[in-house]
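Below is one structure, written out as structure tokens, with a few remarks after it.
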Amino acid sequence: MTVHSIHYIPFHALFDGRNYLIENHEVSYAPSASVFRLCQKKAPKPAGRALIVGVPGDTIPSVEEEVRTIGRLFPDHTLLIGGAATKPALGRYASESALIHLAAHGVFRYDNPLFSALRLADSWLDFHDIYNLDLKSDLVVLSGCYSGLNRIAHGDELLGLMRGFLYAGAASLLVSLWAVNDRSTAEFMQSFYSQWKDGQPKRSALRAATLAIKEKYDHPYYWAPFVLVGRR
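Residue numbers for the sequence shown follow my numbering, so the first one is 14 and each next one is one higher.
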């Protein structure tokens, strides 16, 4: 298990002189042994309704296209875009959704990670809001900047959005390690969901989508920010 600053290393992007690790292996992450056990104990969730949330902005104009494209892949879905993507609406639909996709600005507060948050239409969704959600989701996708960052506290305990969603009941998370590119992220998400919906395990769909984006955008900044945490 990783400790301290190693939590921030994208192991799937490690290069051996010829290949990146992701080119030969499927990779998923567990921030600690206790989190790994917790996620593996959660019963696999049957396919169900998808909650797809997008909050576009001047610096992330591709969000609306991203969420509408994903919505077309899941006939049984609730789509909240722009002004409809409020905190009450999220709370109303989240507990009944097997998949939750959140495409919005993310802020990581290293000085106080409990105030890290995702931007909704009416307010910020912070750690405390997430902690109080009642999730039964097989997968929560945070398609925004820094959504997978945490601060390491005593005993290798993580403080950040990831911990909040796992505590709230999510079996697995797809999150980012740095500020992501709007265009390549939209393309990555479309590829990931297409692969996953066709029956591939999440870790296999992640690898396929990562390699597809790598073919178009050579630098790891574009293809390596997203990691799978929890149930694989």
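Virtual Cβ for every residue (Gly too), placed ideally from N, Cα, C.
Owing to the predicted nature of the structure, the values given are computational and were not obtained by experimental measurement.
Residue i vs residue j beta-carbon contact at 8 Å
i	j	result
Ile-83	Tyr-206	yes
Leu-187	Pro-238	no
Gly-243	Ser-185	yes
Gly-104	Ala-134	no
Gln-208	Ala-199	no
Leu-241	Lys-215	yes
Gly-61	Ser-110	yes
Glu-77	Gly-67	yes
Ile-35	Leu-224	yes
Ala-107	Leu-146	yes
Ser-45	Arg-196	no
Ser-41	Arg-245	yes
Tyr-144	Asn-194	no
Ala-63	Phe-87	yes
Pro-233	Ala-26	yes
Ala-222	Phe-201	yes
The alpha helix (DSSP H) enclosing residue i, as first and last residue numbers
i	result
Asp-142	140 to 144
Ser-207	195 to 210
Arg-220	215 to 229
Gly-173	No alpha helix (DSSP H) contains Gly-173, which DSSP labels as neither H nor E.
Cβ-Cβ separation, residue j to residue i (assumed contact under 8 Å), whole Å
i	j	result
Ile-73	Leu-92	Contact flag wrong, Cβ pair sits at about 17 Å.
Phe-178	Val-153	5 Å
Ala-116	Glu-79	5 Å
Gly-173	Phe-121	7 Å
Gly-182	Leu-148	4 Å
Ala-130	Asp-139	4 Å
Bridge partner(s) assigned by DSSP for residue i
i	result
Trp-137	Arg-132
Ile-22	In DSSP, Ile-22 forms no bridge with anything.
Leu-115	Val-66, Leu-155
Phe-239	Ser-189
Val-120	Ala-130
Phe-28	Tyr-33
Tyr-42	Val-242
Min CB distance residue i to chain C below 8 Å
i	result
Ile-73	The chain inventory of the structure shown lacks chain C, comprising one protein chain alone.
Write down every uninterrupted run of the alpha helix (DSSP H) in the region 45 to 111 whose length is 4 residues or greater and which is fully enclosed by it, in chain order. 46 to 54, 76 to 86, 100 to 107
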